[in-house]
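Accompanying notes for the structure given below.
There are 2 protein chains.
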Amino acid sequence: MNRIDKAYKILADQAYKTTEPRRVLIEFLDDDKNKHLSCDEIYDRISKDHPNMGIATIYRNMQLFEELGIVTKLTLDDGISRYELANLEEDVHQHHHLVCLNCNKLIEVKEDLLGALEVEIEQEHDFKIVDHDLKFYGYCSKCK
Amino acid sequence: MNRIDKAYKILADQAYKTTEPRRVLIEFLDDDKNKHLSCDEIYDRISKDHPNMGIATIYRNMQLFEELGIVTKLTLDDGISRYELANLEEDVHQHHHLVCLNCNKLIEVKEDLLGALEVEIEQEHDFKIVDHDLKFYGYCSKCK
DNA sequence: TTCCTTGCAAACTTTTTGCAGCCTT
DNA sequence: AAGGCTGCAAAAAGTTTGCAAGGAA
Numbered sequence: 002m003n004r005i006d007k008a009y010k011i012l013a014d015q016a017y018k019t020t021e022p023r024r025v026l027i028e029f030l031d032d033d034k035n036k037h038l039s040c041d042e043i044y045d046r047i048s049k050d051h052p053n054m055g056i057a058t059i060y061r062n063m064q065l066f067e068e069l070g071i072v073t074k075l076t077l078d079d080g081i082s083r084y085e086l087a088n089l090e091e092d093v094h095q096h097h098h099l100v101c102l103n104c105n106k107l108i109e110v111k112e113d114l115l116g117a118l119e120v121e122i123e124q125e126h127d128f129k130i131v132d133h134d135l136k137f138y139g140y141c142s143k144c145k
Numbered sequence: 002m003n004r005i006d007k008a009y010k011i012l013a014d015q016a017y018k019t020t021e022p023r024r025v026l027i028e029f030l031d032d033d034k035n036k037h038l039s040c041d042e043i044y045d046r047i048s049k050d051h052p053n054m055g056i057a058t059i060y061r062n063m064q065l066f067e068e069l070g071i072v073t074k075l076t077l078d079d080g081i082s083r084y085e086l087a088n089l090e091e092d093v094h095q096h097h098h099l100v101c102l103n104c105n106k107l108i109e110v111k112e113d114l115l116g117a118l119e120v121e122i123e124q125e126h127d128f129k130i131v132d133h134d135l136k137f138y139g140y141c142s143k144c145k
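Same order as they appear, the protein sequences are chains A and B.
Those letters in the first sequence? Residues 2 to 145, per the numbering used here, in order.
Those letters in the second sequence? Residues 2 to 145, per the numbering used here, in order.
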């Protein structure tokens, strides 16, 4: 089952309706070139084909999709929320980001590098970790 | 030299003026109980003693202080910027945060745990890392 | 048929900006 | 004295909400 169908299934399983705007959003986000976009950017790009979709629909659904695990929210230090379609694989496969301080390019680091560290921190601070967020800031190959 | 004087020196060295609002802000932030606050929260708390300080002054100076390395900006996924006075030590001593998903408590992890990892990532992705940002989300000892 | 979801517009929140006057250097 | 800095108010940017109409289950 591909990511799109998995997303539809998550909606259906929890009694959310699979509406036209939701389908459009999920299919849009499934495209690799539509990653890490803000609601505003998604709105701009989708408007070309779907001029009647409202921006509130995008905000509402991104929030819903995040709660359902369909998308992952990314918050850089400009405070704007960006989204990407989650993997939706069984082996939930974390990844991290490199942010170029010059051209703002976002690069993905596929591995999840923090497993061992988390165990250590959990014990030391008596804290149950459920998620983490790791970003590296610097300069990409073109800009450095 | 304490953190406050170091901050004043950074301002003076770069020809920024040491004004009354800047002094008030830096002394305020030096207090350990005024950590991780948003500009709005800083404004509320400072207003009691300094009712004529404008909130724009706080926004402008937090931005300046961050550029100068006097404060560190913290962006959680609510998109609001929070600040803390930087250590201003010679051995620039990174730290990370644990964020409680229930009570929103922020706990600091003093060690910088990523040195080795950074070298690895720099090579693999041809990327010059200058900073990183690591947060763990979960439940603190009271909430878990 | 039910009531969830949408589009629109208005409201809200956080942050930024313009400007005249003040204060540090 | 010069120009950076402040307070105020207005504007901008991002996000949320209310509501009537529309559409999925």
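Cβ coordinates follow ideal geometry from the N, Cα and C atoms, glycine included.
- The beta carbon of A/S142 falls within 8 Å of a beta carbon belonging to chain B, placing the residue at that interface.
- Within its own chain, the residues whose Cβ lies closer than 7 Å to the Cβ of A/Q95, once the five positions on either side in sequence are excluded, are D113, listed in chain order.
- Residues of chain A with a Cβ closer than 9 Å to the Cβ of B/L107 do not exist, since the nearest Cβ in that chain sits about 11 Å away.
- Contact of B/Y60 with chain A is not assigned, every C-beta pair being separated by 8 Å or more.
- Of B/Q15, B/Y84, B/I27, the smallest CA-CA separation from B/D6 is found for B/I27.
- Annotation for A/H51: no beta strand (DSSP E) segment contains it, and DSSP assigns it neither H nor E.
- Neighbours of B/Y138 in chain A, taken as residues whose beta carbon is under 8 Å from its own, are I130, V131, D132, H133, D134 in chain order.
- The segment 48-129 of chain A is shown to contain whole alpha helix (DSSP H) runs of 4 or more residues at 56-69, 116-126, in chain order.
- Non-local beta-carbon contacts of A/E119 in its own chain, meaning distances under 6 Å to residues more than five positions away in sequence, involve I130 in chain order.
- Close to B/S48, with beta-carbon spacing below 8 Å, lies no residue of chain A; the smallest spacing is near 23 Å.
- In the structure shown, B/Y17 falls within a coil segment according to DSSP collapsed to helix, strand and coil.
- Counting the other CB atoms within 10 Å of its CB gives A/R83 a total of 16 or more, which places it among the buried residues.
- For B/D78, the neighbours in chain A by C-beta distance under 8 Å run, in chain order, K74, T76, S82, D134.
- Around the beta-carbon of B/E85, 16 or more other beta-carbon atoms lie within 10 Å, marking it buried.
- In the structure shown, A/D33 adopts helical secondary structure according to DSSP, grouped into three states.
- Considering only B/E123, B/I122, B/H97, B/K36, the residue with the shortest C-alpha distance to B/F137 is B/H97.
- Identification of residues in the segment 112-129 of chain B having a C-beta nearer than 9 Å to some C-beta of chain A yields L114, L115, L118, E119, E121, I122, E123, E125, H126, D127, F128, K129, given in sequence order.
- DSSP places A/K136 within a strand segment (E or B) once states are collapsed to three.
- Between B/V72 and B/M54, the C-beta gap is not smaller than 8 Å, which leaves the two residues out of contact.
- Restricting attention to B/I122, B/E123, B/I108, the CA atom closest to the CA of A/D127 is found in B/I108.
- B/K145 belongs to the set of residues whose beta carbon lies under 8 Å from a beta carbon in chain A.
- Among the CB atoms of chain B, one or more fall inside 8 Å of the CB of A/L99.
- With contacts defined by Cβ atoms closer than 8 Å, A/K74 and B/D134 do not form a contacting pair.
- Residue pairing of A/S142 in beta bridges, as defined by DSSP: absent, with no partner found.
- Contacts with chain B at 8 Å (Cβ-Cβ) do not include A/V25.
- Ranked by Cα distance from B/Y60, the options B/T76, B/I43, B/N105 are led by B/I43.
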